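Working notes for the structure below.
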Amino acid sequence: MGVILKAENISKQYRLGTVGTGSLSDDLKRAWYKLRGKEDPFLKIGEVNDRGQKTLESYVWALRDIEFEVEQGEVLGIIGKNGAGKSTLLKILSRVTGPTTGIIKTKGRIASLLEVGTGFHAELTGRENIFMNGAVLGMTKNEIKSKLDEIISFSGCEMYIDTPVKRYSSGMTVRLAFAVAAHLEPEILVVDEVLAVGDAEFQKKAIGKMSSLSRGEGRTVLFVSHNMASVKQLCTRAILLKNGYLSCQGEVETVIEEYLKNHHNGFADLNFENFNDRKGNSEIKVTRVSVYGENKESLPKSGKPLNLEFYLENNKNYSLEDVELEFRIDDGIGQRLLWNSSKMEREQGDFPVKMIKASMERCILNQGRYFVTFYLKVKSSEADWVQNAFSFTVEEGLFYNTGIEVPITQSKVLAEFEFKFYD
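Right, dumping it as structure tokens:
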């Protein structure tokens, strides 16, 4: 069908601050140079875009030398860890901001769904915002009217369509914004992780709509998500961003595998003390995690013990009664396999908890790599939440005492059943 979007040598640089970066005389000199149209005399270029590390540089490169093409009708997944440059790239592709260097070449109209409320005027009603967005895309009033009922129905906001958007919940805003972007017939639809705000039913509905746009109508979709299952289901191709650089591009499965390999190692012990990519009030937090099998020196095996130890920083000496640890285990592409909570144990005590150990006498996970998200709560308030915090490897083991191995393609979770035979 031909190339509909082409990125050539795209780089984006941001200034970390223009005042308060030195003495008053430095700030005055910097302002004087700026008025004269000259370069900052204290300019330093930060060559690495690693948001997890502090830097003394005045500038940071969010993107460096990004080049790729997108064919008409293609669904391109854009993946990478937080801070890799995904959202910056989408803003450049959507022309919300311009690149520092490089050129974006596109054909046709672009509709973007980057953040909750993007492109909406809070004081206008949902109906008025639909017409405003259509006008921005260059559509006539009659064209918008022909799509109006379909947009309202898809969003599920019929009762509130004549209510100002500022009264909407974040979920309602996202539903309406997606419905508008998807139905106003753009040639290119750009969707960021904002869909995560919607409920599971709407996410499924949105993915179905994006799929029909590309396969049925030949439209192009650029999709950013941390949910690898959604990326694998929806996308025909993917690119991987790492520290602002394009690390890998190609078939979806290949790029996802590269992302999982680079984003998580096969560790058995990990320090979280200085880990920044977390949410919560930090009243108590996880500082170290250890995963092992029958002993501290062994990796877990199917059918053998699995131990997860969460070491806590508990400076306020919260007791066992106040603290709850929840964790879930995924397969790396977003499929949730196991969930548990320390409250299920019903153990009581008033001592300050420093470590929580979760054990499974016989690991029911098949061989492979698994990913853990944990939530630490204090008195029911979220204290420490890290999504896809770490991974661990389960080695091949004979879960069943028959000597028969179960291929990972058959099942990732193993279970014992009692079979009886009758004549």
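For the sequence shown, the residue numbers in UniProt numbering are 1 to 423. Backbone N, C-alpha and C fix where the C-beta goes; we use that ideal spot for every residue, glycine too. These figures come from a predicted structure and were not determined experimentally.
Query, Result
"Please work out which residues of its chain come closer than 8 Å, Cβ to Cβ, to Lys304, disregarding the five sequence neighbours upstream and downstream, and give them in chain order.", "Gly293, Glu294, Arg362, Cys363 and Gly397"
"Let me know the secondary structure DSSP gives Gly2 once reduced to three states.", "coil"
"Excluding sequence positions up to five away, which residues of its chain have a Cβ less than 6 Å from the Cβ of Arg387?", "The sequence shown places Gln at residue 387, not Arg. Excluding residues within five positions, the ones whose Cβ falls inside 6 Å are Thr373."
"What is the residue span of the beta strand (DSSP E) that Phe392 lies within?", "Ser381 to Val394"
"Where Ile10 and Val96 are concerned, what is the direct C-alpha to C-alpha distance, given to the nearest angstrom?", "15 Å"
"Kindly give me the distance between the Cβ atoms of Glu273 and Thr287, rounded to whole angstroms, as I take these residues to be in contact under 8 Å.", "5 Å"
"With DSSP collapsed to three states, give me the class of Ala84.", "coil"
"To the nearest angstrom, report how far apart Ile207 and Lys316 are at their CA atoms.", "45 Å"
"If you compare alpha carbons, which of Ala122, Gly138, Arg237 and Phe399 is closest to Thr108?", "In the sequence on display, residue 108 carries Gly and not Thr. Considering only alpha carbons, the answer is Gly138."
"Note down, in chain order, each residue of its chain lying with its Cβ closer than 6 Å to the Cβ of Tyr400, except the 5 sequence neighbours on either side.", "none"
"Grouping DSSP H, G and I as helix and E and B as strand, with all else coil, what is Val75?", "strand"
"State the beta-bridge partners of Trp61 as determined by DSSP.", "Gln13"
"Looking at the structure shown, is Glu418 part of a helix, part of a strand, or coil, going by DSSP?", "coil"
"If we ignore side chains and look at the alpha-carbon of each, how far apart do Lys420 and Met228 end up?", "40 Å"
"Taking the straight line between their C-alpha atoms, what separation do you get for Pro186 and Ser211?", "14 Å"
"Output the distance between the C-alpha atoms of Ser169 and Ile404, rounded to the nearest integer angstrom.", "52 Å"
"By alpha-carbon positions, which one of Lys242, Gly77 and Gly134 ends up nearest to Val252?", "Gly77"
"Phe272 by DSSP, collapsed to three states: which one?", "coil"
"Can you grab the Cα-Cα spacing for the pair Asp162 / Leu124, in whole Å?", "9 Å"
"Just list the alpha helix (DSSP H) runs in the stretch 211 to 287, keeping only unbroken ones of 4 residues or longer that don't cross its boundaries, in chain order.", "228 to 234 and 252 to 263"
"What does Ser112 pair with, by DSSP beta-bridge criteria?", "Val190"
"Under 7 Å Cβ to Cβ from Leu414, same chain only, skipping five residues before and after it: list those, please.", "Ser302, Ile364, Asn366, Phe399 and Val406"
"With a 10 Å radius around its C-beta and 16 neighbouring C-beta atoms as the bar for buried, classify Ala111 as buried or exposed.", "buried"
"Applying the criterion that 16 or more other CB atoms from any shown protein chain within 10 Å of the CB defines a buried residue, is Asp172 buried or exposed?", "As written in the sequence, residue 172 is Met, which differs from the Asp given in the question. Buried: at least 16 other Cβ atoms inside 10 Å."
"Any idea what DSSP makes of Ala206, helix, strand or coil?", "helix"
"Using C-beta distances below 6 Å, list every residue in its chain close to Gly52, excluding the 5 sequence neighbours before and after it, in chain order.", "For Gly52, the predicted model reports a pLDDT of 47, less than 50, meaning its position is unreliable; a value from the coordinates is still stated below. Around Gly52: Asn276."
"Are Arg369 and Thr393 closer than 7 Å when you measure CB to CB?", "yes"
"Going residue by residue through the stretch 300 to 382, where are the continuous beta strand (DSSP E) segments of at least 3 residues, counting only ones entirely within it?", "306 to 313, 323 to 330, 336 to 341, 355 to 360 and 368 to 378"
"Could you name the residues of the same chain whose beta carbon sits closer than 7 Å to that of Glu324, not counting the 5 residues immediately before and after it, in chain order?", "Ser341, Ser342, Lys343 and Lys377"
"Here's the rule: buried if 16 or more other CB atoms are within 10 angstroms of the residue's CB, otherwise exposed. What is Asn49?", "In this predicted model, Asn49 has a pLDDT of only 47, less than 50, meaning its place in the structure is not dependable; the value taken from the coordinates is given anyway. Counting Cβ neighbours within 10 Å, Asn49 comes out buried, since at least 16 surround it."
"Beta carbon of Phe310, beta carbon of Ile356: below 7 Å?", "yes"
"On the DSSP bridge list, what partners appear for Thr97?", "Paired residue(s): none; Thr97 is not in a bridge."
"How many Å lie between Ile45 and Gln13 at the Cα?", "At Ile45 the pLDDT is 43, less than 50, meaning the model places this residue with poor confidence and gives no usable figure here."
"Starting from Val136, follow its DSSP beta bridges and name the residues at the other end.", "Answer by DSSP bridge pairing: none, since Val136 is not bridged."
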